[in-house]
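A short worksheet on the structure shown next.
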Amino acid sequence: MRWPRIIALLILGALLVAFFHYTLPQRDILRITQTEIIRQDFSGLNRIFYARGDTGSAQLASRDLRLINTVDAQGEVHVFRNEDTGFGWPPYFKLDSSDLQAEAANLISTAADPIWVAVTHYGWRSRLLTTYPNAVALRQVAGPDVTLIPWMPITILVLLLGVLLALWRLWERFEARILDPLYDRAAVFWSKSRDRLRGK
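Per the numbering used here, residue 2 is the first one in the sequence shown, and the count goes up by one each step.
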């Protein structure tokens, strides 16, 4: 019984890590090279990785998708989508995709005269499923070597850890005050019933 439990806990842990890695905000320092709008068809496989259409728009199987093309200091290409999250999940309450696209277009630069931008985003890039991380915010920074401390994910994870510890402590108290006495009474009752059946 020990190994199935360990395997189940490892799978649960891996799913939680994947969930938080996808959902929590991440930041990359990049140079914006282009913004564009493409027509995107959504399949059953990749639909869950996209937000809904812009707030106030009809939900269709195919729609325009804003993209922000970027390059990092090592020359690696990164592509971000720019979609409203609205009031759905994840709870970024992003309603300004058009403004963010205009801001990104204003920050376009060349390798000869770079403008470095901290791109806050969530999600994953999958070439197989044609999915992109969703850009949430842009902020111009001094250079590609600027240190950015991820305060938001740290705060969320610390608060979540505090809630989990509080729930664990409540469960321990509930177990000690309610469940353990019930188990003891059930064990005594079972023992007496067994003795009666044996004629003792």
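All C-beta atoms in this analysis are idealised placements derived from N, C-alpha and C, irrespective of residue type, glycine included.
Keep in mind the model is a prediction, meaning the values are calculated, not measured.
Where residue i falls: helix, strand or coil (DSSP)
i, result
"A119", "strand"
"I33", "strand"
"Q75", "coil"
"T132", "strand"
"N205", "The structure shown does not extend to residue 205, since the chain spans only 2 to 201, so no value can be given for it."
"A105", "helix"
"A19", "helix"
"A143", "coil"
"D185", "helix"
"L198", "helix"
"S192", "helix"
Distance between residue j and residue i (C-alpha atoms, nearest Å)
i, j, result
"L68", "R174", "52 Å"
"N135", "R82", "5 Å"
"E84", "L66", "7 Å"
"V189", "A15", "41 Å"
"A113", "L31", "14 Å"
"A19", "R195", "50 Å"
"L168", "W4", "26 Å"
"Y184", "S192", "12 Å"
"R170", "R178", "12 Å"
"G76", "T148", "19 Å"
CB of residue i within 9 Å of CB of residue j, strictly
i, j, result
"T132", "W90", "no"
"A74", "D146", "yes"
"F21", "P154", "yes"
"I109", "I33", "yes"
"R140", "V80", "no"
"P26", "T121", "yes"
"P1", "R28", "Absent from the structure is residue 1, since the part of the chain shown begins at 2 and ends at 201."
Reference residue i; option with closest CA among the options
i, options, result
"L130", "P26, Q41 and F20", "Q41"
"V118", "S127, R128 and A105", "A105"
"G124", "A167, Y51, R64 and W191", "Y51"
"R128", "R170, I116, V78 and V142", "V78"
"Q35", "I179, A103, W4 and L10", "A103"
"I116", "F94, L11, V72 and D100", "V72"
"Y93", "V137, G76, L101 and V142", "V137"
>> Using 8 Å as the cut-off, can you tell me whether the segment 148-165 makes contact with the segment 86-103, which would need three or more C-beta pairs spanning the two stretches below that distance?
In response: no
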